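Counting from 1, position 277 in the sequence shown corresponds to residue 277 in the working numbering; the numbering is continuous, with no gaps.
Ideal Cβ placement from N, Cα and C applies to all residues, glycine included.
Keep in mind it's a predicted model, so treat the numbers as computed, not measured.
In what follows, a structure is listed as structure tokens, so that the remarks can point back to it.
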Amino acid sequence: MPIPQVKVPPLNTFSLFQAGGTALQQVPGLKRAAAKGFVINLLIYFVLVTVASLAFYRLVHLPLAQWVTGLESDWLQLPLHIGLWVLQITAFFVAALLSIRISLKFMGVWYADLAALVVGFHRGTIKLPSFLEELPHTLREVGREILISMGLILIGFVPVLGPLTVFSIGAWLQGRSITQPYTDVIRGAKLGLHQETQAQKLFLGSGQMLLAIIPLIGWMLLPVVNLFQVLGYAWIKELSEQVAAARDEQPEAPTPQPPPPPQPEETTTDAAATSGP
């Protein structure tokens with residue numbers, strides 16, 4: 001059986017995005033499931049941002065604003081009020097960044113279902129653990145994500161090394177969010193042990209981290225890019241598995257045997273021809 005002529009794209013930011021689009025076009029039901037997951041992701045994101053921003057406004061901004069208004073020095077009130085609103089805007093940005101991380105982590109279970117559709121398209125129907133079975137693991141991951149994100153915010157204030165550390169760890173986390181859904185599907189369905197290198201996760205997440213540092217526009221695009229790359233990663237890995245399986249099933253060609261050495265011609269001596277008269 002000849003090996004299928006399937007070209008496996010390399011693993012990078014652009015190839016994952018393109019492969020995600022291919023998966024959406026070819027896998028039945030994936031487009032609808034992805035759209036539903038994206039809407040849920042946006043709802044979680046906006047709810048978290050709204051709750052966090054309102055909580056900061058009511059618990060921190062308003063009490064401080066009342067205290068500033070009660071100051072006797074009128075000339076201090078204006079700069080302090082401006083400072084409070086700068087603090088409120090900063091809190092909004094922090095809440096937005098944290099909300100993106102948390103919403104993506106919540107979507108990890110949903111992304112695993114999407115990756116399962118891609119794997120099932122190539123391998124047939126597979127069985128995964130239920131949502132309730134995965135919920136404790138998801139909540140632990142969300143809690144860890146919150147702690148890591150808050151730690152990154154504090155580290156970011158360290159000159160020079162702080163931003164580099166934040167970018168590196170953030171890129172690794174984003175790369176892990178790309179590879180983890182497919183890894184969970186492979187392990188959950190007991191299809192083998194799949195593990196990506198840490199350097200690969202850092203490389204894949206760097207593009208998303210560059211997008212994450214762009215306020216508002218980048219944050220709005222990040223869930224879309226993450227969704228496409230999760231699907232693209234599963235699609236490319238399955239293509240690679242398909243080619244590897246076909247290569248393993250290919251019968252080995254028989255080793256050509258060297259031709260036998262030529263045999264010397266036997267010469268017969270005609271006694272009559274050699275004897276004299």
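{"Item": "Through-space distance from ALA55 to TRP85, alpha-carbon basis", "Value": "15 angstroms"}
{"Item": "N-terminal and C-terminal residue of the alpha helix (DSSP H) that LYS31 is part of", "Value": "30-56"}
{"Item": "Local Cβ density within 10 Å of GLY43, reported as buried at 16 or more and exposed below that", "Value": "Residue 43 is actually Leu in this sequence, not Gly. Exposed, since its Cβ has fewer than 16 Cβ neighbours within 10 Å."}
{"Item": "For LEU76 and ILE40, the rounded distance between their alpha carbons", "Value": "45 angstroms"}
{"Item": "VAL68, enclosing alpha helix (DSSP H) - first and last residue", "Value": "62-69"}
{"Item": "Reference GLY21; option with closest CA among VAL51, PRO159, ASN226, THR138", "Value": "ASN226"}
{"Item": "Per-residue DSSP class, three states only, for THR165", "Value": "helix"}
{"Item": "Whole-number beta carbon distance between VAL27 and VAL118, since they are thought to touch under 8 angstroms", "Value": "6 angstroms"}
{"Item": "Outcome for THR267 when other beta-carbon atoms lying within 10 angstroms are tallied against a minimum of 16", "Value": "With a pLDDT of only 49 at THR267, under the threshold of 50, the placement of this residue in the model should not be trusted; the figure read from the coordinates follows. Exposed is the call here."}
{"Item": "Given 8 angstroms, three or more beta-carbon pairs between the region 146-161 and the region 87-99", "Value": "yes"}
{"Item": "Residue range of the alpha helix (DSSP H) that includes LEU24", "Value": "13-26"}
{"Item": "As assigned by DSSP and simplified to three states, the class of ILE186", "Value": "helix"}
{"Item": "Where PRO223 sits in the DSSP three-state scheme", "Value": "helix"}
{"Item": "Simplified DSSP state of GLY325, which is helix, strand or coil", "Value": "The question about residue 325 has no answer, for the chain in this structure spans 1 to 277."}
{"Item": "Start and end residues, alpha helix (DSSP H) containing LEU204", "Value": "198-212"}
{"Item": "Where VAL119 falls: helix, strand or coil (DSSP)", "Value": "helix"}
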